[in-house]
Amino acid sequence: MNKYADLHIHSSYSDGAFTPKKIMEEASNRRLHTISITDHDTLSGSILAWKMADDYPVEVIVGIEFSCVYQGEDVHVLGYFLHDVSHALNPFLEELQRKRQERAIKMVDRFGELGIDMDTMDLNAYGDSIGRPHFAKELLRLGVVKTFDEAFEKYLKPGCPCYIEKSKISVSECIKSIHENGGISVLAHPGLLEKEDTLLELLDYGPDGLEVYHSKHDQKDKIRLYNLSKDRHLLITGGSDFHEETKSRLTGIGSEKIPVRYVEALKRQIKKNMEKQQV
Numbered sequence: 001m002n003k004y005a006d007l008h009i010h011s012s013y014s015d016g017a018f019t020p021k022k023i024m025e026e027a028s029n030r031r032l033h034t035i036s037i038t039d040h041d042t043l044s045g046s047i048l049a050w051k052m053a054d055d056y057p058v059e060v061i062v063g064i065e066f067s068c069v070y071q072g073e074d075v076h077v078l079g080y081f082l083h084d085v086s087h088a089l090n091p092f093l094e095e096l097q098r099k100r101q102e103r104a105i106k107m108v109d110r111f112g113e114l115g116i117d118m119d120t121m122d123l124n125a126y127g128d129s130i131g132r133p134h135f136a137k138e139l140l141r142l143g144v145v146k147t148f149d150e151a152f153e154k155y156l157k158p159g160c161p162c163y164i165e166k167s168k169i170s171v172s173e174c175i176k177s178i179h180e181n182g183g184i185s186v187l188a189h190p191g192l193l194e195k196e197d198t199l200l201e202l203l204d205y206g207p208d209g210l211e212v213y214h215s216k217h218d219q220k221d222k223i224r225l226y227n228l229s230k231d232r233h234l235l236i237t238g239g240s241d242f243h244e245e246t247k248s249r250l251t252g253i254g255s256e257k258i259p260v261r262y263v264e265a266l267k268r269q270i271k272k273n274m275e276k277q278q279v
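Oh and the sequence shown: position 203 is 203 in full-length UniProt numbering, straight run, nothing missing.
Here you go:
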């Protein structure tokens, strides 16, 4: 029987809808062998799932998705670990989370200037990584907009009145931090980068792998990224980038998955990186 993994899932600890427990239940129901919860700029949800893994027939790889910037373009970097690295990474992560909170407060003020009262919004209720999706949901709840997309189009995307740019770290700083803590770094959904040359430039910073299989990559993207990974001797990963359930199971947990042999290669590389840090 073939075994599969989904290594890109978001929980309620960032902008996902499901708790880590619910994700574990869904992964078990869908007979996934391995998952990784990769919340934005926080390890909390992933560590929680990792600690409850003994209660489910599902292996958990500790993961995180960092929000980075390269030459003005948003770049996401996935970090994967085999143990709880939250203590080592927390000073780094707490600074990112503090900046997210400061940004959220400024956004509340911007909405207030437009006559939209967001003071009832509990900024601490959205986990460690409050962001624009949480504001979109609040606008829906208040009846200010009718759809999630409308919230972004009118208020939250760049150029809109309530948009405030997020503080991000450099790709090089991110990859360095992951490696210093014995993890591996993977460029997330590289097929979505605006410029093809950007990906080749990012490889100079030493990521360990590429997220070849992603729910928004078409077949052409997957073939191109697979070949690039092979040519550059990079790890191959993939996942659904699940945030919330829809009517279509095509967007659910495990809707994009990879054979478990890629997970085994990932784990071998993590162990090598950990050994380097112990020398």
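All C-beta atoms, glycine included, are put in the ideal place defined by N, C-alpha and C.
- Buried is the label assigned to N181, since at least 16 other Cβ atoms lie within 10 Å of its Cβ.
- About 6 Å separates the beta carbons of I61 and T34, which is inside the 8 Å limit, making them a contact pair.
- A5 is the residue among A5, L48, K272 whose C-alpha sits nearest the C-alpha of R30.
- Here the segment 75-91 lies against the segment 180-195, with 3 or more beta-carbon pairs under 8 Å apart.
- Straight across, the Cα-Cα distance linking K21 with N2 is about 24 Å.
- With a threshold of 16 other beta carbon atoms within 10 Å, I130 meets it and is buried.
- By the CB criterion at 8 Å, T237 and I258 fall inside the cutoff.
- Around the beta-carbon of T42, 16 or more other beta-carbon atoms lie within 10 Å, marking it buried.
- Per DSSP, Y13 lies in no beta strand (DSSP E) and is assigned neither H nor E.
- A distance below 6 Å between beta-carbons, with the five flanking residues on each side excluded, links M121 to the following residues of its chain, in chain order: E138.
- The alpha-carbon separation between F92 and K168 amounts to approximately 12 Å.
- In this structure I23 touches A49 by the C-beta definition: roughly 6 Å separates them, less than 8 Å.
- Only buried fits C68, as 16 or more other CB atoms lie within 10 angstroms of its CB.
- Distance from the Cα of A265 is smallest, within the candidate group H8, H233, L202, for H233.
- Counting along the chain, the unbroken beta strand (DSSP E) around T237 starts and ends at 235-239.
- In this structure, DSSP gives A88 a helical state, which the three-state scheme calls helix.
- Nearest to S46 by C-alpha distance, out of L32, I64, Y205, is I64.
- If you ignore the 5 residues before and after Q277, its C-beta comes within less than 6 Å of the C-beta of G182, all in its own chain and listed in chain order.
- The Cβ-Cβ distance between E256 and Y213 falls below 8 Å.
- For G209, the enclosing beta strand (DSSP E) covers residues 209-214.
- When the alpha-carbon of V77 is set against those of S240, D241, I175, L203, the nearest one is in I175.
- Fewer than three Cβ pairs drawn from the segment 147-161 and the segment 188-205 lie within less than 8 Å of each other, which leaves the two stretches out of contact.
- In the three-state scheme derived from DSSP, where H, G and I count as helix and E and B as strand, H40 is classed as strand.
- In the three-state scheme derived from DSSP, where H, G and I count as helix and E and B as strand, L225 is classed as helix.
- DSSP places I175 inside the alpha helix (DSSP H), whose first and last residues are 171-180.
- The criterion of a C-beta distance shorter than 8 Å is satisfied by H8 and T38.
- Within the segment 42-121, the complete alpha helix (DSSP H) runs of at least 4 residues fall at 44-51, 86-113.
- Its Cα nearest to that of Q269, the residue D208 stands out among Y155, D208, H189, D119.
- Close CB contacts of E26 within its chain, under the 6 Å cut and outside five residues either way in sequence, are with I253 (chain order).
- It is roughly 24 Å from the alpha-carbon of L210 to the alpha-carbon of K166.
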